[in-house]
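One structure below.
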Amino acid sequence: MIPDILASRYASSEISEIWSPKGKVHLEREFWIVVMKAQQKLGVDIPESAINSYEKVRVILTWKVFQNVKESCVMM
Numbered sequence: 001m002i003p004d005i006l007a008s009r010y011a012s013s014e015i016s017e018i019w020s021p022k023g024k025v026h027l028e029r030e031f032w033i034v035v036m037k038a039q040q041k042l043g044v045d046i047p048e049s050a051i052n053s054y055e056k057v058r059v060i061l062t063w064k065v066f067q068n069v070k071e072s073c074v075m076m
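Quick note: the sequence shown uses my numbering, first residue 1, plus one each step.
As structure tokens, then:
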């Protein structure tokens with residue numbers, strides 16, 4: 001992966017962590033949890049247990065998941 005020189009030079013460590021490959025996975029998981037809750041409120045049949053399952057693993061990042069994300073992250 002090509003390093004982002006501007007981010008490493010000017011971004012805070014917190015911002016850099018958010019946009020790191022690991023941070024992107026966490027943001028995407030949070031996004032889908034919010035989407036499921038919104039769809040559930042609109043009447044889509046999403047069991048509460050499914051949402052709870054996603055919430056339990058949202059911060060768990062296995063090496064395999066990280067490798068897949070790392071390989072799919074492309075700097076433009």
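Yeah, the Cβ is synthetic: ideal placement off N, Cα and C, and Gly gets one too.
For residue i and residue j, I'd like the C-alpha separation in whole angstroms.
i, j, result
"A50", "S12", "35 Å"
"L27", "I18", "8 Å"
"L6", "I15", "12 Å"
"S8", "K22", "16 Å"
Residue i by DSSP, collapsed to three states: which one?
i, result
"V59", "coil"
"I126", "Residue 126 is absent from the model: the chain starts at 1 and stops at 76."
Taking residue i as part of the alpha helix (DSSP H), name the residues at either end of that continuous run.
i, result
"S13", "S13 to I18"
"I33", "P21 to K41"
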